[in-house]
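When we follow our numbering, the leftmost residue of the sequence shown carries the number 72, and every step to the right adds one.
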Amino acid sequence: MRASTKKLTTAAVCTAIAVIMCVFTAYLPFSFMPLYVAAFSIFLACKRGSLAYGILCALATVGIMFAMTGLSVSWFLLLFMFAPYGIITYFIHKLSYFKLKSGLLRGAIAIAFFNLTVGLTYIVATRLVIGADIPVTDWVDTLGGYWVLAIVATLVLVPLDFIFSVLGSVVLKKIPPAERKNPAGQNARGENNASDEQAATAGQCDVGASVDGEKKYDIFGYEISDDKSAPKTPDAEKSEKSNGDRD
């Protein structure tokens, strides 16, 4: 299977998984965790397909979920938070929480991203969308206000980013990339080019002239000798007899 076909297949499977997670979110009340799995599927489409395939996976997921839910909190969360999160993690995947500097940097990026997207979702759902039956304000008032919502979201989503990072490293090791670069000195079959050259050289030495005292053979496998007193081949004897008869 070609590398491009493998990438397309991987992206299609990831899109299907993301859509299934959106179905769970649409029909299970107060269930946003499937969107986390959808974001992970978008991330895999980026890593094992390509960035373009990952973006297409995100757009398809957002469009299909809008067809199922319309203007809803879950759709806004997918649009503003989880779909972009799957793409952003493609760029920050190498930032590991197990290293101090990279862990602090990734944590800071996660905190900034989640607070920005939670705030954007809150503003759009409560002020910019008119006529939509989205009781976001009631939910936030129940928690104690927007700032309480932001703190709770940070305390929940940042640890999920840690799990996302570890899970991504494990899954990527289980799913090899679609194409790999061959090491230097190897051909497309993984064989050493040096061995091929040696085999070709050996094949050339089998037929034709020899070097530094090596034996020479003709195309029929008979040994060629420069010494005229050497035994003659059957073909040579027949040739001489025919020439004698002509004389």
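Don't be surprised by glycine CBs; every beta carbon is placed ideally from N, CA and C. All of these numbers come straight from a predicted model, not from anything done at the bench.
- Assignment of alpha helix (DSSP H) within the region 122-152, counting only whole runs of 4 or more residues, yields 122-140 and 144-148 in chain order.
- DSSP, reduced to helix, strand and coil, places arginine 73 outside both helices and strands of the structure shown, so it counts as coil.
- Closest in alpha carbon position to glycine 239, among Trp218, Phe111 and Cys85, is Phe111.
- Scanning its chain for C-beta atoms nearer than 6 Å, with the 5 sequence neighbours on each side dropped, one finds around phenylalanine 137 the residues Trp146, in chain order.
- With a 10 Å radius around the Cβ and a threshold of 16 neighbouring Cβ atoms, leucine 175 comes out exposed.
- In this structure, the CA atom of lysine 170 is about 16 Å from the CA atom of phenylalanine 235.
- By the CB criterion at 9 Å, tyrosine 156 and phenylalanine 184 fall inside the cutoff.
- In the same chain as methionine 152, and ignoring 5 residues on each side of it, the C-beta atoms closer than 6 Å to its own belong to Thr188, in chain order.
- Ala154 is the residue among Ala74, Ala154 and Gly120 whose C-alpha sits nearest the C-alpha of isoleucine 135.
- For isoleucine 180, same chain residues with a beta-carbon under 7 Å away, outside a window of 5 residues either side, are Ile163 in chain order.
- A distance of 9 Å or more separates the beta carbons of valine 90 and alanine 116.
- Taking C-alpha positions only, tyrosine 107 is separated from leucine 243 by approximately 17 Å.
- Excluding five sequence positions before and after valine 229, the CB atoms of its chain that fall closer than 8 Å to its own CB belong to Gly178, Ala181, Ile182 and Phe185, given in chain order.
- Put simply, the backbone Cα of threonine 86 is about 17 Å away from that of isoleucine 159.
- Note on geometry: alpha-carbon atoms of isoleucine 246 and aspartate 232 lie some 20 Å from one another.
- Cα atoms of valine 211 and alanine 224: separation of roughly 12 Å, rounded to the nearest angstrom.
- Put simply, of Leu122, Gly125, Ala129 and Asp209 the residue whose alpha carbon is nearest the alpha carbon of valine 144 is Asp209.
- Across the structure, arginine 73 and methionine 104 are spaced so that their CA atoms are roughly 35 Å apart.
- Take valine 133, set aside five residues on each side of it, and the residues of its chain with a beta-carbon closer than 7 Å to its own are Leu149, Leu150 and Ala154, in chain order.
- Counting other Cβ atoms within 10 Å of its Cβ, alanine 123 stays below 16 and is therefore classed as exposed.
- Take leucine 214, set aside five residues on each side of it, and the residues of its chain with a beta-carbon closer than 8 Å to its own are Leu220 and Val223, in chain order.
- Between alanine 82 and the set Tyr168, Ser173, Leu127 and Leu191, the nearest pair of CA atoms involves Leu127.
- Threonine 76 has its alpha-carbon roughly 12 Å from the corresponding atom of arginine 119.
- Out of Cys93, Tyr193 and Met139, the CA that lies nearest to the CA of glycine 216 is found in Tyr193.
- For tyrosine 168, there is no enclosing alpha helix (DSSP H), as DSSP gives it neither H nor E.
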